[in-house]
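Working notes, structure below.
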Amino acid sequence: MKIGIVGLGAIGSLWAVKCHQNDHQVVGFTRSQVTETLSIQLDDSQPIRIKANDYHALQQCQLLLVTVKSTQVTTALEPLHAFLNKDTPIIFLHNGMGAVDALDDKWHKNPLLLATTTQAAFRPIKNQVNHTGAGQTLIGPSLFTSSFNLAKIKDLIVELDSVLPRVKWCDDIHNALWNKLIINCVINPLTAIHQCRNGELASDKFKAQISWLIDEICQVISAEKIEISHQDLVDNVYRVIQSTAQNFSSMNQDIAHHRATEIDFITGYLMRTANKHGLTLPHNQALMEQIKALQTN
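Shown next as structure tokens:
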């Protein structure tokens, strides 16, 4: 199978190497516009080389995997549209929600699929990626995909599962994305503002603030009819804090390296949904404003 991967950060690089190791042809698309080949090393394995920014190769791709940040989706995809077949599935795998909503209608001819993952990867240096935690990837239909060949998509899921287990089809991907968003709304801003590892949020000094954030989030998920109880939400947040205790969140790293964050598609999406229901979330709003101030500075 020929697979295009847009964005070769940690997760994109992990998928690129795994696909290559399973004898799939991979072409990567990056901001650098390098037109030769790219080298990527996974953990201690031998580096691989993949084609880079070969737009004409898109015509043979059976899948396009988009792993750029939510803030970069529209810009990254724009130059690819003229070369991509209209029946090629596009899988979006990034933090936050709302990036696919902003795409031009011309993309709606392709099967647009949303994904969320608990796979963990880290890039210590350029062209190297470490697989720091095995997990599960859920893939399901976006609201803009009215019709597609489900049997063909499920065959694709089976293929991806053999590349980087565990990959599963999820009819209710919207609910799964909300569950991930909720966790990100708590962990990402706090670890970014305090420049700490995820595990430090388990300390007593964060207990009240996390409780306030979750109480506000519960108002939104209740209005959205997301099926998760308050206690399950609390348990999920602290479970992720513990299981990723040694990790730095992506937003933490963005602030540390003076990069734009995905706050508009994480807490920002939460706030836009709250506004739709006439809800105010002062504690979440305050966190978002702090992150935006840090970005500006």
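In UniProt numbering, the protein residues as written are 1 to 297.
The C-beta atom is built at its ideal place from N, Cα and C for all residues, glycine as well.
Problem - Counted within 10 angstroms of its Cβ, other Cβ atoms place Asp264 as buried (16 or more) or exposed - result: As a first step, residue 264 is located in the sequence shown; it is residue number 264 there, counting from the start. By the 10 Å Cβ count, Asp264 comes out buried.
Practice task
May I have the straight-line CA-CA distance separating Gln60 from Gln25, to the nearest angstrom?
Solution key: Taking the sequence shown and counting its residues from 1, the one referred to as residue 60 is at position 60. Taking the sequence shown and counting its residues from 1, the one referred to as residue 25 is at position 25. Straight-line Cα distance between these residues: approximately 10 angstroms.
Handout entry: CB contact flag (Val240, Ile183, <7 angstroms)
Key = For the purposes of this step, residue 240 is taken as residue 240 along the sequence shown, with counting starting at 1. For the purposes of this step, residue 183 is taken as residue 183 along the sequence shown, with counting starting at 1. Between Val240 and Ile183, the C-beta gap is smaller than 7 angstroms, which places the two residues in contact.
Practice task
Give me the Cα-Cα distance between Arg259 and Gln33, rounded to the nearest whole angstrom.
Solution key: The residue given as residue 259 occupies position 259 in the sequence shown. The residue given as residue 33 occupies position 33 in the sequence shown. The alpha-carbon of Arg259 is positioned some 20 angstroms away from that of Gln33.
Handout entry: Minimum C-alpha distance to Asp43 - residue among Thr74, Val27, Phe122
Key = In the sequence shown, counting from the first residue as 1, residue 43 sits at position 43. For the set Thr74, Val27, Phe122, the Cα lying nearest the Cα of Asp43 is the one of Phe122.
Exercise for the section: Go through the stretch 3-91 residue by residue and report every complete run of the alpha helix (DSSP H) that reaches 4 residues or more, in order. Expected result: Unbroken alpha helix (DSSP H) stretches of 4 residues or longer found wholly inside the stretch 3-91: 10-21, 73-77, given in chain order.
Exercise for the section: Find out if the Cβ-Cβ distance for the pair Val129, Ser13 is shorter than 7 angstroms. Expected result: The residue labelled residue 129 in the question sits at position 129 within the sequence shown. The residue labelled residue 13 in the question sits at position 13 within the sequence shown. In this structure, the beta-carbon distance from Val129 to Ser13 falls below 7 angstroms.
Problem - Collapsed DSSP secondary structure at Gln209 in the structure displayed - result: Taking the sequence shown and counting its residues from 1, one reaches residue 209 at position 209. If DSSP states are grouped into helix, strand and coil, Gln209 belongs with the helices.
Exercise for the section: Please name the residue or residues paired with Thr267 in a DSSP beta bridge. Expected result: In the sequence shown, counting from the first residue as 1, residue 267 sits at position 267. Per DSSP, Thr267 has no beta bridge partner at all.
Problem - Start and end residues, beta strand (DSSP E) containing Val167 - result: By 1-based counting over the sequence shown, the position of residue 167 is 167. Per DSSP, Val167 belongs to the beta strand (DSSP E) from 167-169.
Handout entry: Sequence-distant residues of its chain with Cβ nearer than 7 angstroms to Glu159 (five each side left out)
Key = Here the question's residue 159 lines up with position 159 in the sequence shown. Cβ contact annotation for Glu159 (same chain, cutoff 7 angstroms, sequence separation greater than five): Met1, in chain order.
Handout entry: Reduced DSSP category for Asn95 - H, G, I as helix; E, B as strand; rest coil
Key = Here residue 95 corresponds to residue number 95 of the sequence shown, with the count starting at 1. DSSP places Asn95 in coil when its eight states are reduced to three.
Handout entry: Complete runs of the alpha helix (DSSP H) confined to the UniProt domain "Ketopantoate reductase C-terminal" (172-295) [at least 4 residues]
Key = 173-194, 207-223, 230-243, 250-256, 267-276, all fully within the UniProt domain "Ketopantoate reductase C-terminal" (172-295).
Problem - Candidates Ser211, Lys126, Leu143, of which the one nearest Asp105 by Cα - result: As a position in the sequence shown, residue 105 is number 105, starting the count at 1. Closest in alpha carbon position to Asp105, among Ser211, Lys126, Leu143, is Leu143.
Exercise for the section: Tell me whether His258 counts as near the ligand GTP, meaning its Cβ is closer than 6 angstroms to at least one heavy atom of that ligand. Expected result: Among the components modelled here there is no ligand, and therefore nothing to report on the ligand GTP.
Exercise for the section: Determine contact between the stretch 223-234 and the stretch 170-184, defined as no fewer than three beta-carbon pairs at a distance below 8 angstroms. Expected result: Yes, they touch.
Exercise for the section: Just tell me which of Ser243, Gly199, Asn236, Leu138 has its CA closest to the CA of Pro165. Expected result: In the sequence shown, residue 165 corresponds to position 165, counting from 1. Here the closest residue by C-alpha is Leu138.
Problem - For Phe83, the nearest candidate out of Asp171, Leu294, Gly4, Ala134 (CA to CA) - result: For this step, residue 83 is matched to residue 83 along the sequence shown. Looking from the CA of Phe83, the closest CA among Asp171, Leu294, Gly4, Ala134 belongs to Gly4.
Practice task
Have a look at residue 304 and Val68 and give me their C-alpha separation to the nearest angstrom.
Solution key: Residue 304 is absent from the structure shown; the chain starts at 1 and stops at 297.
Exercise for the section: Identify whether Ile153 lies in helix, strand or coil by the three-state DSSP scheme. Expected result: Locating residue 153 in the sequence shown gives position 153, counting from the first residue. Ile153 falls in the helix class under three-state DSSP.
Practice task
Taking Gln246 as the reference, give the member of Met288, Leu294, Ala120 with the closest Cα.
Solution key: As a working note, residue 246 is residue 246 in the sequence shown. Selection Met288, Leu294, Ala120 evaluated against Gln246 yields Ala120 as nearest (Cα-Cα).
Problem - Where Leu160 sits in the DSSP three-state scheme - result: One-based indexing of the sequence shown puts residue 160 at position 160. Per DSSP, reduced to three states, the secondary structure at Leu160 is helical.
Handout entry: Contact set for Gln209: own chain, Cβ-Cβ below 8 angstroms, skip 5 residues either direction
Key = Taking the first residue of the sequence shown as position 1, residue 209 is located at position 209. So the qualifying residues of the chain are Leu190, His283.
Handout entry: Contact under 7 angstroms by Cβ, Leu8 with Thr30
Key = Locating residue 8 in the sequence shown gives position 8, where the first residue counts as 1. Locating residue 30 in the sequence shown gives position 30, where the first residue counts as 1. In contact: Leu8 and Thr30 (Cβ atoms closer than 7 angstroms).
Exercise for the section: Use the C-beta contact count for Leu287: other C-beta atoms within 10 angstroms, 16 or more gives buried, fewer gives exposed. Expected result: Your numbering for residue 287 matches position 287 in the sequence shown. Leu287 should be labelled buried.
Problem - Proximity winner among Glu216, Gln290, Phe92, relative to Asn188 (alpha-carbon distances) - result: What you label residue 188 is simply residue 188 of the sequence shown in a count that begins at 1. It is Gln290 whose Cα lies nearest to the Cα of Asn188.
Practice task
Look at Thr88 and Asn53 and say whether their C-beta atoms are less than 7 angstroms apart.
Solution key: Stepping through the sequence shown from its first residue, residue 88 is reached at position 88. Stepping through the sequence shown from its first residue, residue 53 is reached at position 53. Going by C-beta atoms, Thr88 is not nearer than 7 angstroms to Asn53.
Exercise for the section: Quick one: using the 10 Å Cβ neighbour count with 16 as the cut-off for buried, is Ser90 buried or exposed? Expected result: Position 90 of the sequence shown holds residue 90. In the sequence as presented, Ser is not what sits at residue 90; that position holds Ile. Counting Cβ neighbours within 10 Å, Ile90 comes out buried, since at least 16 surround it.
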